[in-house]
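In UniProt numbering, the protein residues as written are 1 to 312. Each residue gets a CB set at the ideal place from its N, CA and C atoms; glycine is no exception.
Rendered as structure tokens:
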């Protein structure tokens, strides 16, 4: 082997190490850990605290759906399933356990999934906003809690459509990012109202709309899907409802929201709005107080949209 070959080998090894470092490595900011692969594209951290929040959110979805993992009218047997933005992989693992006949592929920007998984689950590091390059089409594509993560939703829906078999189903789900009240109990000058307005401004400047779920139905329809059905579910942000079931859901939502406000805002407020840490933490302290005030009857709305690719 001559010197030229040796130099080429060194370059290749260095490039491989660089790719590996970007996929498996992390970046740290404001005391939180973020993904290094395609750094900066996704404003949420991926550290232990955020993983615990993701797992709790998975449990909340199960409470909302009465223990069901999905709402799409799927056939009894599935061959290939894609979970886009899988996070810790909870949904993919549970779905694979329920459907041992299916091959479940789950993708995310972060390597935060467990090692011990069902044999029919495969995790891949991938950017859903790039061109999809799958070797065969899917029977079902599941996309959940990706608000604020995608810049071009119509393109994402089109890629999902193109990668589904005829007759296959897509299911898109997320919470509305903004709190709602039916009795105007949240003051307009509250910390939570300021938080929502500032987060909306930062996300818009970042190029990724945070409160995107109300548009899911139109995105799915415009991509060409048929039999499109939207279901909406209320989820209280605290245990203020009198109804026992909603009060229990509110307890979980409250814990999840208290854990969510910092990771949702830190990167956007500091990178985009250029806020100092002291200003961010002062606002978040007020938001935490508002979330603990049971006189503020706040709730979020979950939008679940299912659609089928035409058979012909």
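Return the chain-ordered list of same chain residues with a C-beta closer than 6 angstroms to the C-beta of residue i, the five sequence neighbours on each side being excluded.
i	result
residue 82	105, 138 and 141
residue 148	203, 208 and 210
residue 307	170, 220, 225 and 228
residue 259	53
Go through its chain and collect everything with a Cβ distance to residue i's Cβ below 7 angstroms, but skip five positions before and after it.
i	result
residue 240	250, 294 and 297
residue 55	88 and 90
residue 74	140 and 169
By the three-class DSSP mapping on this structure, what secondary structure does residue i have?
i	result
residue 102	coil
residue 72	coil
residue 308	strand
residue 117	coil
residue 171	strand
residue 140	strand
residue 204	helix
residue 256	helix
residue 266	helix
residue 166	strand
residue 64	helix
residue 281	helix
residue 125	strand
Buried or exposed: which applies to residue i, given that a residue is buried once 16 or more other Cβ atoms fall within 10 Å of its Cβ?
i	result
residue 264	buried
residue 309	buried
residue 161	buried
residue 57	buried
residue 311	exposed
residue 184	exposed
residue 135	exposed
residue 274	exposed
residue 217	buried
residue 153	buried
residue 85	buried
residue 244	exposed
In this structure, what does DSSP give as the bridge partners for residue i?
i	result
residue 261	Paired residue(s): none; residue 261 is not in a bridge.
residue 235	300
residue 229	306
residue 82	105 and 141
Quick check: is any heavy atom of the ligand MG less than 6 angstroms from the C-beta of residue i?
i	result
residue 256	Here there are no bound small molecules, and the ligand MG is not part of this structure.
Please report the Cβ distance between residue i and residue j, rounded to the nearest whole angstrom; I am assuming they are in contact, meaning their Cβ atoms lie under 8 angstroms.
i	j	result
residue 286	residue 191	3 angstroms
residue 213	residue 262	Actually they are not in contact, since the Cβ atoms of residue 213 and residue 262 sit about 21 angstroms apart, beyond 8 angstroms.
residue 304	residue 231	5 angstroms
residue 195	residue 272	Not really, about 14 angstroms apart at Cβ, beyond 8 angstroms.
Which residues in the same chain as residue i place their Cβ atom closer than 8 angstroms to its Cβ, once the five residues preceding and following it in sequence are excluded?
i	result
residue 253	60, 235, 236, 237, 238 and 300
residue 174	144, 145, 146, 147, 212, 213, 216, 302 and 303
residue 222	154 and 157
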